[in-house]
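In the numbering used here, the protein residues as written are 1 to 123.
What follows is the structure in structure tokens.
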């Protein structure tokens, strides 16, 4: 996970493997404005620091080195919850259909659910 300590953000990551190098990047004006907005919102000293951190984070994700509880586990939990809700809905639907068909079959036999079950025909 990218560190939240802005003093160590992208500079410290690059400092471990040597000095930092300048890289040119071309962005549309819309993307540049968005990057500036998020850099300011997250407290980065500059848009360049934000972009350097974004590149490092993207590389980590490509390598499979990302914070599992935030990304993968959250999605898996969402899918498990949806699957559980779906199975509950299917079970409820099955129960309603079975009950309805039992009632329909009983009506075709001449049975009445209002009459006594143990009626033996004597008055």
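Beta carbons are placed, not taken as given, at the ideal position from N, Cα and C, and that holds for glycine. This one's a predicted model, so the numbers in the text were calculated from it and none came from an experiment.
(request) Compute the distance between the beta-carbons of residue 44 and residue 50, then report whether it is under 8 Å. (result) Here residue 44 corresponds to residue number 44 of the chain shown, with the count starting at 1. Here residue 50 corresponds to residue number 50 of the chain shown, with the count starting at 1. Yes; because the gap between Cβ atoms is below 8 Å, this pair is in contact.
(request) Could you check what DSSP says for residue 103 in three-state terms: helix, strand or coil? (result) Reading the chain shown from its first residue, position 103 is the one you call residue 103. Reduced to three states, the DSSP call for residue 103 is helix.
(request) Could you pull out every unbroken alpha helix (DSSP H) segment of at least 4 residues lying fully inside the stretch 7-87, listed in chain order? (result) 9-16, 29-42, 47-62
(request) Would you identify the three-state DSSP class for residue 108, choosing helix, strand or coil? (result) Along the chain shown, read from residue 1 onward, the residue named residue 108 stands at position 108. Three-state result, residue 108: helix.
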